[in-house]
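To start, the structure under review is shown below, and the notes come after it.
2 protein chains.
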Amino acid sequence: MRFKYLFLCTFCLDGWKPAIQASKQNIHIKKGQLIFAEGDPVKGIYFVYEGNIKVHKKWDDEKELILRFAKKGDILGHLGIGSGDIYPVSATALEAAVVCYIDMSFFESSLTANNNFVIKLMRFFADELQTSEKRMKNLVHLPVKGRVAQAIISIKNQFGVSENGFINFEPAKLDLASFAGTAYESLFRTLNDLVDEHIITLSGKSIMIKDEARLLQLVAGN
Amino acid sequence: MRFKYLFLCTFCLDGWKPAIQASKQNIHIKKGQLIFAEGDPVKGIYFVYEGNIKVHKKWDDEKELILRFAKKGDILGHLGIGSGDIYPVSATALEAAVVCYIDMSFFESSLTANNNFVIKLMRFFADELQTSEKRMKNLVHLPVKGRVAQAIISIKNQFGVSENGFINFEPAKLDLASFAGTAYESLFRTLNDLVDEHIITLSGKSIMIKDEARLLQLVAGN
DNA sequence: CGAGTTGTTGACGTGTGTCAAAAGAAGTGG
DNA sequence: CCACTTCTTTTGACACACGTCAACAACTCG
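Those sequence lines, one after another, are chains G and V. The working numbering numbers the first residue of the first sequence as 1 and each following residue consecutively. The working numbering numbers the first residue of the second sequence as 1001 and each following residue consecutively.
Here you go:
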């Protein structure tokens, strides 16, 4: 997690600085707006400058699985690098955001020029794959409570906590449910359970972890 | 899928031929033997020369999720390329197998030398990630029948069918269950259902798809 | 022939998704 | 400032898919 952030930041700001400035295309996105959708042809790749974004796969209208959240410094649309020519996922801004767009052909040609970057990018993919497979296992085997725990921990690791102890990210309950791979109402009851057991505290959309040990225990074996 | 096979074959046999011959280390594996286990320190990377292998994550003793199968020409242990220093998965031979071991330090140093290879490897990772996320969505949302359908289709795509129409791979029912992310007994009943509905035919461990359209339909939206 | 492994079926309990409705919250307009 | 939508949050009740347990059949193998 830390590695991922460092890598992207480093690369977005250092290795990519010239490239980005060369083909500078900052795009402002409104809250709730789609950046790209499942099925769209792949045209380029994005870096997040500002704002949080969710990457998700649709199920049947009003039902989805959120694969990851992207925040400042993260890469977006990198699955387009694979052999497919359409995005297999959608990206939606959770709030007003700014992304930097890089044309795919330009990006690709840069790959051949900078071997070091490709290696880092490959390592990033390897880590993402590892995360994905771990999450898959958990989604298959864990009961809802464990999945919710996993979701909270994951968000905490990615966004950190602010001074007041709350996680630095306020996901809509619906998004949290989609991230945990469960139904809206189930998420609710589970959150309440966790509050009752003094494992977490809620304040509006904010979440504070009170007993991380027991939270981790719910994802036992991870 | 086809791409993956081509790529690895090409690279294993072409680009990697000299490398492999330089550090030639063919290892013979017996049926059921572990090649590496979850938690082992990463020492190297493997290419499969002969035999089918399952890559899996353990749950709680006698319960696992199979992430993928590897066959002749496939790469193995590539998750070790990421930032972690231990394998997050296990690999077990389903039958007598031969793998080619390449020391990680040697492999890594080769990366810097061959930019083209790294790019292809990165593309491979991107595709794997895409597959993984698709599978994750299906495992979360699909009922058992759909997951079994998905498992069968996936195996068919990877191994193909022989002249008699049966899929060129005979997984143990237990492995099939682990691959579909369901219980042993549930898999049976589902397979029987599929047979009753004339969607597939069974003969021992062999599976033949009789009505691919309806099988695909079960994974609707895949 | 017994003993162990693998395949098969039955019965049961429960986690959890779904539906539906109540209770707030928040805007809208008179 | 109050009725009246409309949307979100919350709780209740229900049904059923599916995992678990247990018993049994079939089949290998010593």
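We treat Cβ as the ideally placed atom computed from N, Cα and C, and that holds for glycine.
* Give the DSSP bridge partners of PHE69 of chain G, in chain order. => Residue 69 of chain G sits at position 69 when you count from the first residue of the first sequence. DSSP, once it has assigned bridges, lists G:LYS54 as partnering PHE69 of chain G.
* Asked: Which of the residues in the stretch 74-85 of chain G, read from start to end, lie with their CB under 9 Å from any CB of chain V?
  -> HIS78, LEU79, GLY80, ILE81, GLY82, SER83 and GLY84
* To do: On a CA-only basis, which of V:GLU1212, V:ASP1074 and V:ILE1086 is nearest LYS1043 of chain V? Give me that one, please.
  => Stepping through the second sequence from its first residue, residue 1043 of chain V is reached at position 43. Among V:GLU1212, V:ASP1074 and V:ILE1086, the Cα nearest to that of LYS1043 of chain V belongs to V:ILE1086.
* Asked: What's the gap between the Cα of ILE1209 of chain V and the Cα of GLY82 of chain G?
  -> Here residue 1209 of chain V is taken as the residue at index 209 of the second sequence, counted from 1. Here residue 82 of chain G is taken as the residue at index 82 of the first sequence, counted from 1. If I take the Cα positions, the gap works out to 29 Å.
* To do: Classify GLN158 of chain G as buried or exposed, calling it buried when 16 or more other Cβ atoms lie within 10 Å of its own Cβ.
  => For the purposes of this step, residue 158 of chain G is taken as residue 158 along the first sequence, with counting starting at 1. By the 10 Å Cβ count, GLN158 of chain G comes out buried.
* Unbroken beta strand (DSSP E) run spanning ASN116 of chain G, endpoints -> Translated into positions along the first sequence, residue 116 of chain G becomes position 116. Not the beta strand (DSSP E): ASN116 of chain G falls in the alpha helix (DSSP H), residues 115-141.
* Asked: For PHE36 of chain G, which option in G:VAL118, G:GLY77, G:GLU62 and G:ASP211 has the closest C-alpha, if you only look at C-alpha atoms?
  -> Residue 36 of chain G sits at position 36 when you count from the first residue of the first sequence. The candidate whose alpha carbon is nearest that of PHE36 of chain G is G:GLY77.
* Unbroken alpha helix (DSSP H) run spanning LEU174 of chain G, endpoints -> Here residue 174 of chain G refers to the residue found at position 174 of the first sequence. Segment 173-180, the alpha helix (DSSP H) holding LEU174 of chain G.
* Using a Cβ-Cβ cut-off of 8 Å (strictly less than) and excluding sequence neighbours within five positions of GLN1033 of chain V, which residues of its own chain qualify? -> Residue numbering aside, residue 1033 of chain V sits at position 33 when the second sequence is read from its first letter. Taken in chain order, the residues that qualify are THR1092 and ALA1093.
* DSSP state of PHE169 of chain G mapped onto helix, strand, coil -> Working through the first sequence from its first residue, we reach residue 169 of chain G at position 169. Here PHE169 of chain G sits in coil by DSSP.
* Asked: Does DSSP classify VAL219 of chain G as helix, strand or coil?
  -> Here residue 219 of chain G is taken as the residue at index 219 of the first sequence, counted from 1. The answer is coil: DSSP assigns VAL219 of chain G none of H, G, I, E or B.
* Let me know the secondary structure DSSP gives TYR1101 of chain V once reduced to three states. => The residue labelled residue 1101 of chain V in the question sits at position 101 within the second sequence. Correct three-state label for TYR1101 of chain V: strand.
* To do: Return helix, strand or coil for VAL42 of chain G, following the three-state DSSP convention.
  => Looking up residue 42 of chain G in the first sequence gives position 42. Looking at VAL42 of chain G - three-state DSSP - the assignment turns out to be coil, as it is neither helix nor strand.
* Can you check DSSP and say which residues form a bridge with ILE1035 of chain V? => Walking along the second sequence from the start, residue 1035 of chain V turns up at place 35. Looking at the DSSP assignment, ILE1035 of chain V forms no beta bridge with any residue, so it has no partner.
* To do: Answer with yes or no whether the minimum CB distance from GLN1150 of chain V to chain G is below 8 Å.
  => Sequence index remark: in the second sequence, residue 1150 of chain V carries index 150 (1-based). It does not; no Cβ of chain G falls within 8 Å.
* To do: With 8 Å as the C-beta to C-beta threshold (strictly closer), list the residues of the stretch 1186-1207 of chain V near chain G in chain order.
  => none
* Residue closest to ALA149 of chain G, alpha-carbon to alpha-carbon, out of G:LYS120, G:ASP74, G:THR182 and G:GLY204 -> Taking the first sequence and counting its residues from 1, the one referred to as residue 149 of chain G is at position 149. It is G:THR182 whose Cα lies nearest to the Cα of ALA149 of chain G.
* Short-range partners of chain V found in the stretch 98-123 of chain G, where Cβ spacing is below 7 Å -> LEU111, THR112, ASN115, VAL118, ILE119, LEU121, MET122 and ARG123
* alpha helix (DSSP H) containing LEU191 of chain G: first to last residue? -> Here residue 191 of chain G corresponds to residue number 191 of the first sequence, with the count starting at 1. From DSSP, the alpha helix (DSSP H) with LEU191 of chain G extends over 184-196.
* Pull up the DSSP beta-bridge partners for PHE1106 of chain V, would you. => Within the second sequence, numbered from 1, the residue matching residue 1106 of chain V stands at position 106. Paired residues: none, contrary to the question.
* Asked: Can you find at least 3 beta carbon pairs, one from the stretch 1095-1102 of chain V and one from the stretch 126-144 of chain G, that sit closer than 8 Å?
  -> no
* Closer than 8 Å, Cβ to any Cβ of chain V: which residues of the stretch 127-146 of chain G, in chain order? -> ASP127, GLU128, LEU129, GLN130, SER132, GLU133, LYS134, ARG135, MET136, LYS137, LEU139, VAL140 and HIS141
* Cβ of PHE69 of chain G less than 8 Å from any chain V Cβ? -> Reading the first sequence from its first residue, position 69 is the one you call residue 69 of chain G. No, its Cβ sits nowhere closer than 8 Å to a Cβ of chain V.
* Using alpha carbons as the reference points, say which of G:ASP60, G:ILE29, G:LYS57 and G:LYS58 lies closest to VAL48 of chain G. => By one-based count along the first sequence, residue 48 of chain G stands at place 48. Considering only alpha carbons, the answer is G:ILE29.
* Opposing strand residues paired with SER1090 of chain V [DSSP bridges] -> What you label residue 1090 of chain V is simply residue 90 of the second sequence in a count that begins at 1. DSSP, once it has assigned bridges, lists V:HIS1056 as partnering SER1090 of chain V.
* Secondary structure at SER1083 of chain V, three-state DSSP: helix, strand or coil? -> Here residue 1083 of chain V corresponds to residue number 83 of the second sequence, with the count starting at 1. The answer is coil: DSSP assigns SER1083 of chain V none of H, G, I, E or B.
* To do: Check the Cβ-Cβ distances between LYS1043 of chain V and every residue of chain G, and say whether any is below 8 Å.
  => Here residue 1043 of chain V corresponds to residue number 43 of the second sequence, with the count starting at 1. Judged by the 8 Å Cβ criterion, LYS1043 of chain V is not in contact with chain G.
* With 16 other Cβ atoms within 10 Å as the buried cut-off, status of ARG135 of chain G -> As a working note, residue 135 of chain G is residue 135 in the first sequence. It is buried - the Cβ of ARG135 of chain G has at least 16 other Cβ atoms within 10 Å.
* CA nearest to the CA of VAL1195 of chain V, picked from V:ASP1175, V:ILE1207 and V:TYR1184 -> As a working mapping, residue 1195 of chain V is identified with position 195 in the second sequence. Among V:ASP1175, V:ILE1207 and V:TYR1184, the Cα nearest to that of VAL1195 of chain V belongs to V:ILE1207.
* Asked: If you compare alpha carbons, which of G:ASP60, G:VAL89, G:GLY80 and G:GLY39 is closest to ILE53 of chain G?
  -> Translated into the one-based positions of the first sequence, residue 53 of chain G becomes position 53. Cα-wise, what sits closest to ILE53 of chain G is G:VAL89.
* Between THR1190 of chain V and LYS1145 of chain V, which are expected to be in contact by the criterion C-beta below 8 Å, what is the C-beta distance as a whole number of angstroms? -> As a first step, residue 1190 of chain V is located in the second sequence; it is residue number 190 there, counting from the start. As a first step, residue 1145 of chain V is located in the second sequence; it is residue number 145 there, counting from the start. Rounded, the Cβ-Cβ distance is 5 Å, consistent with contact.
* Look at the alpha carbon of GLN1025 of chain V and the alpha carbon of ASP1040 of chain V, and state the distance between them as a whole number of angstroms. => To locate residue 1025 of chain V, count along the second sequence from 1; it is residue 25. To locate residue 1040 of chain V, count along the second sequence from 1; it is residue 40. Taking the straight line from one Cα to the other gives about 19 Å.
* Per-residue DSSP class, three states only, for PHE1157 of chain V -> As a working note, residue 1157 of chain V is residue 157 in the second sequence. Checking the sequence, you will find Asn at residue 1157 of chain V rather than Phe. Helix, per DSSP.
* With DSSP collapsed to three states, give me the class of ILE1027 of chain V. => As a working note, residue 1027 of chain V is residue 27 in the second sequence. Three-state DSSP puts ILE1027 of chain V in a strand.
* To do: Tell me, please, which residues DSSP counts as bridged to SER1203 of chain V.
  => Within the second sequence, the letter at position 203 stands for residue 1203 of chain V. Note: SER1203 of chain V sits in a beta bridge opposite V:SER1206.
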